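Engineer: Residue numbers (the numbering used here): 12 to 629.
We treat Cβ as the ideally placed atom computed from N, Cα and C, and that holds for glycine.
Here the structure is a predicted model, which is why all the values come from computation and not from measurement.
This is the structure I want to talk about, given as structure tokens.
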């Protein structure tokens, strides 16, 4: 049920709760809402008609902070104090961004390669979360100014391939800005909502959302059925976007002028001026054959043919991501009904042509590519406010999630491409008598052995009451919430002992690492099967040895000398094979030990039953 609020400025009643949709972009950010009267999504614009707010922050010497267009003025004059493309730093360590360090004209701190990066401005240090919160706070202020009413709740979009750390960082930035972040939504998902408003509910369509923005690229394959949006697969690159086109133009001009990259790293003002003129050239080339400009008094020229040659490798990278997404969705280009273009960089003619050629159909770009994500966020916000029940959205997990089991094996609890929110529970038990604790190690990846996957978290379920092995019932639950953040719980059902953890990795996977993990899972599929079989055989062998050892300890006096000798010899043989033998020889040794122990185990069991039943009638 929607809440009733009071507009402070006018004193009038607001029948619907105002929840804004925010597109927190690498280059530009903007806000959208569902208009309370027309019920249509609209992008909030200032009096000058401008909706885009540059995602730029300037720190003045007197302590003043400016955001947006005002900050953009200082990109050339004070590049070391002017922060741009902060989204590229969200949830990243210095190791993640070291190859792109020359792109930033401000100082990115390398104090510890395992820690999240910080930005140094003068003597002050800022995290990407803090910097993003400043942009979000400015968006909140502008929304309140335009709407003439307080705003406290928002839906914020992120690239589909943002990992847990990056999503949580975005949510934290929203909180710092004074916003209650109701949902973190994938940008392609938001775009699909924007375009889905006009769909007939009887239609069934499979669409592709191609989102090439200033700093990130996402490709999503979605199926729309009766108002239900299901994400079949996603792919992308968090280090691919319009900024890369600008950078390659800068390097092209620098090379032509004999300027080395090391010089650009030192002369920040020159580097920034080149970048801004390169951005101007890129936009101009989209509708003209050549660009003529000047940087630091020197002429620069760029033809459309030269630009397309420079841009082609980056565009081809996006097409490869499209191939990967289709493969994951088990579809071909013939299965795609519609291709949606999102992001300012899709205005480049070669991008549109390349995408259209790959999918074999005309691309769909009827909505403003800069605004479509914000519009979708506003629609999602309206759904959460209880004002629109026509749509249901299902997202997916990009990689499998599971735990380590005996033998170093990965047991998957939530497979990759599972719909989210998603939850699953599975029961386990102890391996040793009076075992008081269990270590739960959480992994992400597609390989059978945990050593080949990425460790997300680890915690202990302790204070389990002492019980015989196999008696405790430990339920491990995985819950991936609507924001794609994993919560793991472990509970011993007999005693009620419980422990949980919210998985927030110190820093996350890059898209190249995600892609590598998926490719490795295919390349090494045969090896993984063999390794898993060997690990399972070794685990079974160790359990047999432990069980047999405990049996002999309690019942050795009931065995003959020959039985005892044969058993110990078989145990020695099996033990030696656990480290050096293959799967088949281990299974053979296990079977041999079972054959030796089975007769006397049955005999002793029969004797025990006979003693227990002595003197009793049935």
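Which two residues bound the contiguous alpha helix (DSSP H) that contains residue 131?
Structural biologist: Segment 129-132 is the beta strand (DSSP E) holding residue 131; no alpha helix (DSSP H) there.
Engineer: With distance defined between alpha-carbon atoms, name the residue in 110, 250, 486 and 433 nearest to residue 272.
Structural biologist: Per the Cα distances, 110.
Engineer: Taking residue 235 as part of the beta strand (DSSP E), name the residues at either end of that continuous run.
Structural biologist: First-last of the beta strand (DSSP E) with residue 235: 228-236.
Engineer: Relative to the C-alpha of residue 59, which residue among 91, 80, 162 and 378 is closest?
Structural biologist: When only C-alpha atoms are compared, the closest one is 80.
Engineer: List the endpoints of the continuous alpha helix (DSSP H) containing residue 338.
Structural biologist: 315-340 is the span of the alpha helix (DSSP H), which, as asked, contains residue 338.
Engineer: Which residues in the same chain as residue 562 place their Cβ atom closer than 8 Å to its Cβ, once the five residues preceding and following it in sequence are excluded?
Structural biologist: Counting only Cβ-Cβ distances below 8 Å, and skipping sequence neighbours, we find 608 and 612.
Engineer: Using only alpha-carbon positions, find the residue among 165, 178 and 543 that is nearest to residue 634.
Structural biologist: Nothing about residue 634 can be read from this structure; the chain reaches only from 12 to 629.
Engineer: Nearest to residue 277 by alpha carbon, out of 150, 117, 181 and 214?
Structural biologist: Minimum Cα distance to residue 277 is reached at 117.
Engineer: Count the CB pairs spanning the region 329-339 and the region 245-262 that are closer than 8 Å, and state whether there are at least three.
Structural biologist: Flag = yes, the region 329-339 and the region 245-262 touch.
Engineer: In three-state terms, what does DSSP make of residue 52?
Structural biologist: If DSSP states are grouped into helix, strand and coil, residue 52 belongs with the strands.
Engineer: Let me confirm a value: residue 181 is counted as buried when at least 16 other C-beta atoms fall within 10 Å, else exposed. Which label applies?
Structural biologist: It is buried - the Cβ of residue 181 has at least 16 other Cβ atoms within 10 Å.
Engineer: Return the residue from the list 439, 323, 274 and 50 that minimises the CA-CA distance to residue 505.
Structural biologist: Taking only the C-alpha atoms, the option nearest residue 505 is 439.
Engineer: Whole alpha helix (DSSP H) runs in the region 233-307 with 4 or more residues, listed along the chain?
Structural biologist: The qualifying runs are 253-267, 272-277 and 279-296.
Engineer: Would you give the residue range spanned by the alpha helix (DSSP H) that residue 361 belongs to?
Structural biologist: Residue 361 -> alpha helix (DSSP H) spans 360-370.
Engineer: Go to residue 191, then tell me how far its beta strand (DSSP E) extends in each direction, as first and last residue.
Structural biologist: Residues 191-197.
Engineer: Quick one: what's residue 472 bridged to in DSSP?
Structural biologist: In DSSP, residue 472 forms a bridge with 449.
Engineer: From which residue to which residue does the beta strand (DSSP E) around residue 438 run?
Structural biologist: 433-439 is the extent of the beta strand (DSSP E) around residue 438.
Engineer: Quick check: the region 287-296 against the region 151-167, are there 3 or more CB pairs under 8 Å?
Structural biologist: No, the region 287-296 is not in contact with the region 151-167.
Engineer: Rounded to whole angstroms, what is the Cα-Cα separation between residue 517 and residue 174?
Structural biologist: With a pLDDT of 38 at residue 517, under the threshold of 50, the modelled position of this residue cannot be trusted; read the value that follows with caution. Taking the straight line from one Cα to the other gives about 11 Å.
Engineer: Rounded to whole angstroms, what's the CA-CA distance from residue 415 to residue 450? Just pull it up for me.
Structural biologist: For residue 415 and residue 450, the distance between alpha carbons rounds to 9 Å.
Engineer: Assign residue 430 to one of three DSSP states: helix, strand, or coil.
Structural biologist: Strand, per DSSP.
Engineer: If you measure between the beta carbons of residue 474 and residue 499, is that distance less than 7 Å?
Structural biologist: Their beta carbons are not under 7 Å apart, which means residue 474 does not touch residue 499 by this criterion.
Engineer: Consult DSSP for residue 114 and reduce its assignment to one of helix, strand or coil.
Structural biologist: Residue state, collapsed to three classes: helix.
Engineer: Going straight from the alpha carbon of residue 209 to that of residue 195, what length do you get?
Structural biologist: Confidence in residue 209 is poor, its pLDDT being 44 and thus under 50, which makes the residue's placement too unreliable to answer from.
Engineer: In terms of residues, what are the limits of the beta strand (DSSP E) holding residue 39?
Structural biologist: Counting along the chain, the beta strand (DSSP E) containing residue 39 begins and ends at 39-45.
Engineer: Excluding sequence positions up to five away, which residues of its chain have a Cβ less than 6 Å from the Cβ of residue 603?
Structural biologist: Within the same chain, residue 603 has close Cβ partners 581.
Engineer: What are the start and end residues of the beta strand (DSSP E) that includes residue 581?
Structural biologist: Here residue 581 belongs to no beta strand (DSSP E); instead the alpha helix (DSSP H) covers 572-591.
Engineer: Express the C-alpha separation of residue 461 and residue 573 in angstroms, rounding to a whole number.
Structural biologist: Rounded to whole angstroms, residue 573 to residue 461 spans 42 Å at the Cα level.
Engineer: Could you tell me which of 585, 471, 225 and 216 sits nearest to residue 169, measuring between CA atoms?
Structural biologist: Cα-wise, what sits closest to residue 169 is 225.
Engineer: Nearest to residue 543 by CA position, among 587, 459 and 325, is which residue?
Structural biologist: Closest option to residue 543, Cα to Cα, is 459.
Engineer: State the beta-bridge partners of residue 69 as determined by DSSP.
Structural biologist: The partner list for residue 69 (beta bridge, DSSP) reads 77 and 93.
Engineer: Between which residues of its own chain and residue 540 is the CB-CB distance below 8 Å, once the five residues before and five after are set aside?
Structural biologist: Within the same chain, residue 540 has close Cβ partners 459.
Engineer: On a Cα-Cα basis, can you pick out the residue from 387, 364, 577 and 71 that is closest to residue 133?
Structural biologist: If we check each option's Cα against that of residue 133, 71 comes out closest.
Engineer: Find the nearest neighbour of residue 347 within the set 318, 235 and 446, judged by alpha-carbon distance.
Structural biologist: Of 318, 235 and 446, the residue nearest in Cα terms is 235.
Engineer: Please list the terminal residues of the continuous beta strand (DSSP E) segment that includes residue 144.
Structural biologist: Taken as a continuous stretch (DSSP letters only), residue 144 belongs to no beta strand (DSSP E), being part of the alpha helix (DSSP H) at 139-158.
Engineer: In the DSSP output, which residue or residues are listed as bridge partners for residue 164?
Structural biologist: Beta-bridge pairing links residue 164 to 30 and 191.
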